[in-house]
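2 protein chains.
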Amino acid sequence: MKIQNAKFSFKVLKTDSKSSARVGQLSTPHGVINTPCFTPVGTQATVKALSGEDLREIGVELLFGNTYHLHLRPGEDVVKKMGGLSRFMSWNGLTITDSGGFQVFSLAKTDKKRGAGEGEAELVRITEDGVKLHSHIDGSVHYFTPEESIKIQQKLGADLILSFDDCPPHPATHSHVKRAVDRTHRWAKRSLSQHKKTKNEQALYGIVQGGIYKDLRIESAKFISALDFEAIAIGGVAVGESKKEMLKVLDWVVPHLSKSKPRHLLGVGEVDDIFEIIERGIDTFDCVIPTRLGRTGVIFVSPSEGNKKNKFRFDITKAKWVTSKLPLDKNCNCKVCKNYTRGYINHLFRAKELLAYHLASYHNTYFLINLTKKIRQSILENKFEKMKKEWLV
Amino acid sequence: MKIQNAKFSFKVLKTDSKSSARVGQLSTPHGVINTPCFTPVGTQATVKALSGEDLREIGVELLFGNTYHLHLRPGEDVVKKMGGLSRFMSWNGLTITDSGGFQVFSLAKTDKKRGAGEGEAELVRITEDGVKLHSHIDGSVHYFTPEESIKIQQKLGADLILSFDDCPPHPATHSHVKRAVDRTHRWAKRSLSQHKKTKNEQALYGIVQGGIYKDLRIESAKFISALDFEAIAIGGVAVGESKKEMLKVLDWVVPHLSKSKPRHLLGVGEVDDIFEIIERGIDTFDCVIPTRLGRTGVIFVSPSEGNKKNKFRFDITKAKWVTSKLPLDKNCNCKVCKNYTRGYINHLFRAKELLAYHLASYHNTYFLINLTKKIRQSILENKFEKMKKEWLV
C-alpha cells in the first residue's frame, strides 16, 4: 500500500478485528514512525520545558511544529539557514508542521471578539487569496496564502506538512461552514499544486473540514481523499465540539478515507480520547496537553488511581502531597517517577521553581507516549478492546 | 591532619610552591569532596532550572542550600521526613547549608531602607538572643537564634553546616562591625555548644567576620580558629566590598587559619575571583552566579573569546547570534555545547521559552565546575601560575 510520493510509504501491519484501530509504519526519507503515535507540540521550536535529549529519552517519534509561530519568530529563513526545524532545535528526529491556518483563524476570532472599531486596523483580513494579519508579537503585517504556507513549510523543512485551510469558529451555521469547506477545498488544490512544483522530501497532508455537519464532513472527506495528497489530516475537531461530536465526526469521515493513507487528527490528546480516536482508525495525533497541564501542576496518572471520572489526572500542588514519598505515577517508568517524590514536586510548584515545570511536562509527555505504545502493542496482540475496558471502566 | 569530628577528615594533597593554593580531599560520612570545589546554590532545594541528574552529569560534588528559605518553605520538618535535603531533592550527593544569618540580616537591611513607620510592624528585630522576623512569603513570625539555626540545620541534614553569625550591612563603621564581630563570636560559641549536644554526622563551620577592617578580621580569624570547629568559613566578603577589598580580607585572614581545616568562602564565584581566592588558600566556595546570570542570557566563555575585560561572559540574546551555528563555548564539553547552537539558544531567549533558562544555567554551572577541576589539576602539576596567567592576561 504505497502512498504517492515515492520517498514515503505507509504500511498497515495489523488492523483490530473489532474496530478500525490499526498499527502501521509511516516511512519517511529520514526515519520511520510507528503508529498509532502521539505527537507532542513544539510551538516555538521547543516542546515547552523539554530539550531534544529529553524527547529522545522519552521515546518521541514525531514532533509537531507551528508554522504561524515559527514564521513570526525566528522566521523560516533563519530556521532554513540553521538546517531546518529538526536540526535547529537539536531534536534530530522526525517533524510535522501545520499550515498556520488554525492560528490565523484563531486570531481572527479574537479580533472579532474585541470588535475592531472604525478607523482601527483589523488584526486579520480574510479573502479568497488568503489571510492578511498583524503579528501578535510586534504588529508587523504578514500574508498567509496556500502557496505561501507551503513555501514557508518547505523552508522550515519538516518531514510532513499540511495544506492551508479555512478554519471557521465554533459554533458556526451550516452555510458558514459550507463556505469554509468549499474554500478549504480550493486552497487544498492550490497547496497541492505549490507542493508539486518542487521536488522535495516532504509529504503533504490534505485537511478534511466540515464542522459538526455530517453532509459537509462526508463531502470534505471524499473531496480531499480524491486529491493526490500523501496523507490526510482531520481538522476542526478540537476547537469547541464536545467529545461526543468529535467522535461522530470521525465516524462520518474515516470510512471515506483511503485505508492506505496515514491519518492525522489535529489537536487531540486527552487519555480517553486517545482510545476513542485510535479505535476509529486515527494513526497520529498531536496535542499541547501534557506540557500545558504539566505547567499548572496537573499530572497524568494510570489506573486504578486514574480513571475516566478524574480524567486520569491529579493536582500535585494540593497540601495532601507535601510529605508524600510516592512517585507521580506508580506504574510509570519515566526518569521523573523513578527519581522524584510527589512531596518534592509539590514543593517545587509551591516555590514556583522552574524545575517543577520540567518534571511535570516530562512525566506527562512520557505518559502519553507510553500509553500510545501500549495501545499499539495491545492491537498487535488482539487485546485492544480489553485494554480500553481496563482503562475506561 | 585530622579534623576534630572523627567522621570527617581533611587531607591537603598538594600545596602550590608559589602561593597558598592547595588541592585537598574533604571526607565526610557520605562521600569525598575534591578541593578546590565550586559549590552551586540550590536555595529552595533546587539549583534553579537544573535537576539532580543534571547536577550529577555536570560533576557537582557539593551543593549549597539556604536554611532561611528551606525553613520557611517547605520547612525543616518536611525535609527531615523526606530523608533530608539531599534525598528530598533527589540530588543524593553531598550538601552544605548556611545558618540563615546572611538572609536574615539582608531582610533587616531591606526593612531599614523601607523605614518601618510608627505602629508599623518591623520586619526584623535583632537582640543578643537572636533574630525575630516576619516571613517574606506570608508574614508569619520566625525566630533565628544560634541554637535554633543549628537545630534547623540538623533537621535539614546537610553534611556540612554553618554557625549563626551577625552580618552587618556594608558599608558600616568600625564600631558597628566590632559589635557584630563580638556578637558573631558569642553566637559561634553557642552554635558550637548546640552542635556538640547531639552526636551527629555533620561538620560545623565557624564563620570569620570583620568587614573591611584588618584588626577585626585578624581578631575574628584567631578567635574562630581557636574554637573546636571542624572547618572555617569566611563571611561578609560578597556583600558590598570591592574585589580588591575581598582579596585584602583573604590576605589578612587566611594566615591565621589552621592549615589542617578546610576553608569555605561564602558567596564568591566570578571567573577571575575563582583564581584569586584559590591562590589565597580557599578550598570551597559557593555562588548563585552561574544560574542567576544564565537566566538573563549571560553566558560564560573561555579564553580567547572570554577575557578579564568581558568578565568571561557574553550576551546570547544579542541579534548577532540569530543564525550562529557556534556552540556557547567552543572549548566546553558540556551537553549544551555539544548539542545546541548559539542561534537556537538566542531564539529560546527571545521567545521566552523555559528551555533557555535550563540550557544557559546548565552550561554556566558546568563551566565553573570544570574550570575549578582544571585549576585543581594545574595545582597538582605545578602549573597553577601558568594557567592563571593564560586566563587573566
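Quick note, the sequences are listed as chains E and V, same order.
According to the working numbering, the residues represented by the first sequence are 1 to 393, in order.
According to the working numbering, the residues represented by the second sequence are 1001 to 1393, in order.
Note that the Cβ used here is the ideal one computed from N, Cα and C, for glycine as well.
Taking only beta-carbon positions, decide if residue i is within less than 8 Å of chain E.
i, result
"residue 1347 of chain V", "yes"
"residue 1310 of chain V", "no"
"residue 1120 of chain V", "Caution applies to residue 1120 of chain V, whose pLDDT of 49 falls short of 50 and renders its modelled position unreliable; the value that the coordinates give is listed next. It does not: the Cβ of residue 1120 of chain V has no partner Cβ on chain E nearer than 8 Å."
"residue 1358 of chain V", "yes"
"residue 1168 of chain V", "no"
"residue 1387 of chain V", "no"
"residue 1063 of chain V", "no"
"residue 1052 of chain V", "yes"
"residue 1090 of chain V", "yes"
"residue 999 of chain V", "Residue coverage of chain V in this structure runs from 1001 to 1393, which leaves residue 999 of chain V outside it and unanswerable."
"residue 1049 of chain V", "yes"
"residue 1335 of chain V", "yes"
For residue i, count the other beta carbons within 10 Å of its own beta carbon; 16 or more makes it buried, fewer makes it exposed. Which is it?
i, result
"residue 230 of chain E", "buried"
"residue 1310 of chain V", "exposed"
"residue 1002 of chain V", "At residue 1002 of chain V the pLDDT is 42, less than 50, meaning the model places this residue with poor confidence; the figure from the coordinates comes in the next sentence. With fewer than 16 Cβ atoms within 10 Å of its Cβ, residue 1002 of chain V is classed as exposed."
"residue 254 of chain E", "buried"
"residue 280 of chain E", "buried"
"residue 1163 of chain V", "buried"
"residue 22 of chain E", "buried"
"residue 342 of chain E", "buried"
"residue 1017 of chain V", "exposed"
"residue 362 of chain E", "buried"
"residue 166 of chain E", "buried"
"residue 1194 of chain V", "buried"
"residue 364 of chain E", "buried"
"residue 46 of chain E", "buried"
"residue 1186 of chain V", "exposed"
"residue 159 of chain E", "buried"
"residue 108 of chain E", "buried"
Going by the DSSP bridge assignment, what does residue i pair with across the sheet?
i, result
"residue 1011 of chain V", "V/1025"
"residue 1132 of chain V", "V/1125 and V/1143"
"residue 1264 of chain V", "V/1233 and V/1284"
"residue 1032 of chain V", "V/1027"
"residue 1316 of chain V", "Residue 1316 of chain V pairs with nothing; no bridge assigned."
"residue 40 of chain E", "E/287"
"residue 1208 of chain V", "V/1234"
Would the beta-carbon of residue i fall within 8 Å of that of residue j?
i, j, result
"residue 482 of chain E", "residue 217 of chain E", "Look at the range of chain E in this structure, 1 to 393, and you will see that residue 482 of chain E is not part of it."
"residue 1104 of chain V", "residue 1133 of chain V", "yes"
"residue 345 of chain E", "residue 326 of chain E", "no"
"residue 130 of chain E", "residue 84 of chain E", "no"
"residue 1012 of chain V", "residue 1031 of chain V", "no"
"residue 232 of chain E", "residue 214 of chain E", "no"
"residue 62 of chain E", "residue 39 of chain E", "yes"
"residue 268 of chain E", "residue 287 of chain E", "yes"
"residue 28 of chain E", "residue 188 of chain E", "no"
"residue 1144 of chain V", "residue 1100 of chain V", "yes"
"residue 1036 of chain V", "residue 1375 of chain V", "yes"
Would residue i count as contacting chain V if we go by Cβ distances under 8 Å?
i, result
"residue 8 of chain E", "no"
"residue 292 of chain E", "no"
"residue 339 of chain E", "yes"
"residue 44 of chain E", "yes"
"residue 94 of chain E", "no"
"residue 40 of chain E", "no"
"residue 350 of chain E", "yes"
"residue 344 of chain E", "yes"
"residue 323 of chain E", "yes"
"residue 326 of chain E", "no"
"residue 78 of chain E", "yes"
"residue 14 of chain E", "no"
"residue 74 of chain E", "yes"
"residue 81 of chain E", "yes"
"residue 353 of chain E", "yes"
Could you work out which residue in the options is closest to residue i when comparing CA atoms only?
i, options, result
"residue 1237 of chain V", "V/1264, V/1039, V/1393 and V/1383", "V/1264"
"residue 299 of chain E", "E/136, E/276, E/270 and E/278", "E/270"
"residue 1322 of chain V", "E/26, E/88 and E/49", "E/88"
"residue 56 of chain E", "E/69, E/94 and E/78", "E/94"
"residue 1235 of chain V", "V/1284, V/1075, V/1370 and V/1351", "V/1284"
"residue 9 of chain E", "E/20, E/26, E/19 and E/347", "E/26"
Give a yes or no on whether 8 Å exceeds the smallest Cβ distance from residue i to chain B.
i, result
"residue 124 of chain E", "The displayed structure is made up of protein chains E and V, and chain B is not among them."
Is any heavy atom of the ligand NAP found at a distance shorter than 7 Å from the C-beta of residue i?
i, result
"residue 1352 of chain V", "Summarising the ligand content, the structure contains no ligands, and the ligand NAP is consequently not present."
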